[in-house]
Structures are given as C-alpha cells and as structure tokens.
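Chemist: Numbering (the working numbering), first residue to last: 0 to 218. Don't be surprised by glycine CBs; every beta carbon is placed ideally from N, CA and C. My questions will all concern the structure given below.
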Amino acid sequence: MPVRPDGAEDYDVPVLTDGTVVLRRLEERDVPQLARNCADPAAAEFTTVPLGYTEADARWYVEEFVPTAWRAGREYNWAVADARTDRLHGTVGLNALRGTTADVGLNFGPHARGTGTAEAACRLLLEHAFGTLGLTYAYWMAKVPNWASRKLAWRLGFRSPVRIDGFMEQRGTSVDAWILTLGAEDPRSPQAPWDGPPSPAAARPEHPGGPPRPAAPRP
0 MPVRPDGAED YDVPVLTDGT VVLRRLEERD VPQLARNCAD PAAAEFTTVP
50 LGYTEADARW YVEEFVPTAW RAGREYNWAV ADARTDRLHG TVGLNALRGT
100 TADVGLNFGP HARGTGTAEA ACRLLLEHAF GTLGLTYAYW MAKVPNWASR
150 KLAWRLGFRS PVRIDGFMEQ RGTSVDAWIL TLGAEDPRSP QAPWDGPPSP
200 AAARPEHPGG PPRPAAPRP
C-alpha cells in the first residue's frame, strides 16, 4: 500500500514547490477563483464538474469534500498557486487511490492555461506520488477529443494511450476517453513522437476529463 502522508488524519497537507508554483492546502480564500475555474465553459465541456458551478459548490468542496477524502486516504488534492502572489491557478490531486496506483486529476482556470503551470504542478505531484507515497503507477484520463490534455500527459512521459469508448462518466452520460499510464521508473519525458494535432486548441483545458473533483455532487 502507498505510504500515507504524515498527519493525514489531521489533514496536514505537505507543501510542494519548485519556486514558481506551490502546491498547498486549499483554503477559504481560494473559493472565488475555484468557482470561476469550474464555471468556465471548457471545464464544463471536458471535465465532470457540475454545470452552473457556484461559490457554494466550491466552498463545500474546500471545506468538506477535500478534508474528508484526505483523512480517509481516498484522494489527496492540492491547491496550485503562484509561489510569489499566492493566486490560485487551479487544483491537482491523486484520485481513486487503490493499491499502489492512482489517477491524476487536475483543473486549471483560463488564466493559467498555456503558461506551463499545469505541467510544473504535475511534475511536483508525480515526484511526490512516486518518491514519497510509494506509488508504482499513475493513470491519466482525458475525454476524447481533449488533445490539449493528452499532449500534457505526453510531455510528462505518460505512455500507451488507449481509447475506451463510453469509459468516462460525465454528468450521467457515458463518453469516450483516452487512458494513459506512467510508471514510477519511466522517464518524465515523451516516450514516442507526438501523434496528435500540431497545436491543440489553446482554449481547451490542460486537464484530464476524469474526476478532478470539483466535479463532486453539489451539497
């Protein structure tokens, strides 16, 4: 089993940073930006966030869902913020923890897309997942045709994309998904030439279409 972070029972979230972005505990001050991120049309199109996402939804996620999931060892979710200004860029986490594997889930606002923030945050997350928590594999799910998400996974070294029709559940509907895999010993760089569009649409979110957990049901 993966090692649980020290203090998980008390929701003591480890701070991870590369000096540019910081992964930290989600706080009440993040609620307004989190709500804006999840209400963005691209998030609605490619993730499982509820439609019409509000600050009440974000507050429930920050104050109830994330701490409960963390304490139970089901999911570990972080805020991703600017290391200098502390402005929230988005969220990133390890979802569906099972055995020594987990899914990567993330959701970033329009202001952060195309800046490299998501890639930096994922690299910090994966280093923690494999080096500290002892995971052996991480999985990435992207709704077809979210090429921007798939390209981010490719840059991080995720390999063997498999399309499974109807695999992803999005607000009660089955949609097609790509599943990609990264092992603890795999390089964190592309394992094969890029096989998608040369420039995925900038408006599409750089996150998996799987559960980035502001997708949880409303209270």
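Restricting to runs no shorter than 3 residues, where is the beta strand (DSSP E) found entirely within the segment 80–109?
Modeler: For the segment 80–109, whole beta strand (DSSP E) runs of length 3 or above, ordered along the chain, are 87–97 and 100–107.
Chemist: Our contact map puts A43 next to L33 with C-beta atoms below 8 Å; I'd like the distance itself, whole angstroms only.
Modeler: Actually they are not in contact, since the Cβ atoms of A43 and L33 sit about 15 Å apart, beyond 8 Å.
Chemist: Say yes only if the C-beta of A34 is nearer than 6 Å to one or more non-hydrogen atoms of the ligand MG, and no if none qualify.
Modeler: Only the bare structure without any ligand can be found here, which leaves the ligand MG out of the picture.
Chemist: Pick out whichever of N106, F166, W139 and V14 has its Cα sitting closest to the Cα of D85.
Modeler: The shortest C-alpha separation from D85 is found at V14.
Chemist: V30 by DSSP, collapsed to three states: which one?
Modeler: Correct three-state label for V30: helix.
Chemist: Are A119 and V20 closer than 7 Å when you measure CB to CB?
Modeler: Yes.
Chemist: Give me the Cα-Cα distance between P213 and E168, rounded to the nearest whole angstrom.
Modeler: Residue placement at P213 is poorly supported in this model, since its pLDDT is 40, which falls under 50; the coordinates still yield a value, given next. Each residue's Cα considered, the two are about 15 Å apart.
Chemist: Just to confirm, are S159 and T180 a CB contact at a threshold of 7 Å?
Modeler: Yes, the pair counts as a contact, with Cβ atoms nearer than the cut-off.
Chemist: Which residues in the same chain have their Cβ closer than 6 Å to the Cβ of G165, if we skip the five residues on either side of it in sequence?
Modeler: Once the five neighbours on either side are set aside, the close Cβ partners of G165 are S173.
Chemist: Tell me R23's beta-bridge partners as DSSP assigns them.
Modeler: According to DSSP, which records beta bridges pairwise, R23 is partnered with A78.
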